[in-house]
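Residues 53 to 389, numbered by my numbering, are exactly what the sequence shown covers, in order. The next block holds one structure in the form of C-alpha cells; read it before the comments.
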Amino acid sequence: MRFLLILVIIGGVVGGWWYYHKKHQLAATDGGDLVLAPNTGDGSGGSSTTGLSTAGGMPTLTAAELPADAKRALDQADALWSQSGPDPVTSDKATTLAALYSQVLPALYNQPGMHEREIRLVNERLAPLGTALFFTKTRILNDPTGTFAVYTAVAGENPDGIAKKFGMSRELLNRLRGRDINDSKLNPGDTLKVVNLKDKGGFSLHIDKGDYILDCYVAGIFAKRYACSVGAKESPTPVGHSHLTDRSWHPDWTHPVTHQVIHYDEPGHILGPMWLPLNADELGQAGIGIHGYTGENPKMGIMASNGCIRLQNQDAEELYQTLSHPARAPTAVEIAE
C-alpha cells in the first residue's frame, strides 16, 4: 500500500508539472514576439480565425520584412478575418479579404525567410477564398471591390454574348452559373454571377521556376495555384514579363526537331488539350507557352520541357476555361527564377 501511495504522489507531481508546462507553452522569437500555437485545422491547436501573421509558429511580419503597402494590407486582412464569423470564406467580407490577401502574396515571392509564410497564406487563406469566388455559383451582391456583379439576362441574349460584355470566357461564365461549360441555354430573367474583367484589368499569371508553381489571378484576385514543370537545363524557360497572344483548344503541335505538324489526337502529339502562347517579342524567345502534356515522364515539379510551362492536363483544361482570349481581356505573365 505504501508503495502504491508513493506512485500516486509521484504521478500527481509529474501530471501537475506537465499541465503547468503545457498551459504556459508560448514560444518567443529572437525579437521577443510571442508565437501562438499552430492552427492544425482539426481543433487541436490554435484558432481557425487566427491571423496569418501570428499562426503556426511564425513570428509577426514586420514593416522591415514587408513593403509598407503589403504590411498594411496584411494587417487589415487579418483584422477583418477575425471579425468575419465562423466561416470568413463564405461571409460578405470574402471579396475584400481575397483582394487584401492578394496584395500580400506577391510581396512574399522569392523573399528570404518568407517561403513558409507564402505557403500558409495560399493554403489557409487564398486557396479557400479563390475556390469560393471563382469555382462556385454563389452570387455576390453589392461587392465592395467591384469585382463581381449579378447580371440579369434579357430576351435574345446567350451565355457567350454576356461573357464577352464583361471580358469573360463562355466557360468561366457557365462555371459560375453551375452549368456545363458549353451550355448555351439561357432564359430571360436568369441571373448570372459575372466578373468585371474589362474594368479590372483582366488576368495575371505568376510562374515561379524554382518552386514549380503557377499562380492565377482573376481581376487582381488570387484564384488558384497549380503545380507545373519547366524547361530542362539544356532548354531553360526564359524569365521575364510577357502576355498571352492566343488561347487555343486542341491545338496542333510542331515537333521542335523535325518540324512535323502533328494534329491533336494523332500519335506523337504531346501538347495536351490546350495551348497558351506567350508574346515572343516581350519575352525575347519564340515558341514559349503554357500547355498540358501527354508525352513520357508527365510528372510535375521537374525541369524537363523544351522551354514551355507544363501543367497536368486537367489543370491545363481548367486554366484554359478560366482565362479569356486576349481579344476579350489581357493576361499578363511573369516568369521568375
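Note that the Cβ used here is the ideal one computed from N, Cα and C, for glycine as well.
Nearest-angstrom Cα separation, counted from P378 out to D304 = 19 Å
Short check: CB of I387 to CB of P319, under 8 Å?
-> no
Could you check which residue in N239, I354 and R231 has the C-alpha nearest to that of E209?
-> N239
Could you have a look at D242 and say whether DSSP puts it in helix, strand or coil?
-> coil
Distance, S300 Cα to D317 Cα | 15 Å
From the DSSP output, which residues share a beta bridge with R362?
-> S281 and H343
From what residue to what residue does the alpha helix (DSSP H) around E334 run?
-> A332 to L335
My guess is that I273 and L266 are in contact by the Cβ rule of under 8 Å, so how many angstroms apart are they, rounded?
-> Not confirmed; about 16 Å, so no contact.
Which same chain residues, not among the five before or five after D390, have their C-beta less than 6 Å away from its C-beta?
-> No answer is possible for residue 390: the residues shown for the chain start at 53 and end at 389.
With DSSP as the reference, label T142 as helix, strand or coil.
-> helix
By how many angstroms is the C-alpha of E334 removed from the C-alpha of Q135?
-> 44 Å
Spatially closest choice to P13 from R222, Q364 and T190, by CA coordinates | Residue 13 lies beyond the residue range present for the chain, which begins at 53 and ends at 389; the question has no answer from this structure.
Report yes or no: is there a C-beta of chain C within less than 8 Å of the C-beta of T383?
-> Given the protein chain composition of this structure (a single chain), no chain C is represented.
Helix, strand or coil: how does DSSP classify H167 here?
-> helix
Take every Cβ of the region 245 to 264, pair it with every Cβ of the region 278 to 294, and state whether three or more of those distances are shorter than 8 Å.
-> yes
Starting from T204, trace the beta strand (DSSP E) both ways and give me its first and last residue.
-> F200 to T204
Report back the beta-carbon spacing between T147 and T199 to the nearest angstrom; my notes put them in contact at under 8 Å.
-> 6 Å
Looking only at its own chain, which residues have a Cβ that is under 6 Å from the Cβ of A151, when we skip the five neighbours before and after it?
-> T197 and I273
Measure the C-alpha to C-alpha separation of T142 and P350 and round it to an integer number of angstroms.
-> 36 Å
V414 and V270: beta carbons closer than 8 Å?
-> Coverage of the chain is limited to positions 53 through 389, which leaves residue 414 absent and any answer about it impossible.
Reduced DSSP secondary structure (H/G/I, E/B, other) of V174 = helix
Tell me whether W133 counts as near the ligand NAP, meaning its Cβ is closer than 7 Å to at least one heavy atom of that ligand.
-> With respect to the ligand NAP, the structure offers nothing, as it holds no ligand at all.
Measure the alpha-carbon distance for T310 versus V385 and round it to whole angstroms.
-> 29 Å
Among A179, T188, P308 and P138, which residue has its Cα nearest to the Cα of L157?
-> A179
Sequence-distant residues of its chain with Cβ nearer than 6 Å to T306 (five each side left out) | V313
Starting from F218, trace the alpha helix (DSSP H) both ways and give me its first and last residue.
-> P211 to F218
CB L371 to CB T383, shorter than 8 Å?
-> no
Three-way DSSP call (helix, strand, coil) for L375 in this model | coil
Hey, would you say L225 sits closer than 8 Å to P211, going by beta carbons?
-> yes
Alpha-carbon spacing of Y161 relative to V206, whole angstroms = 44 Å
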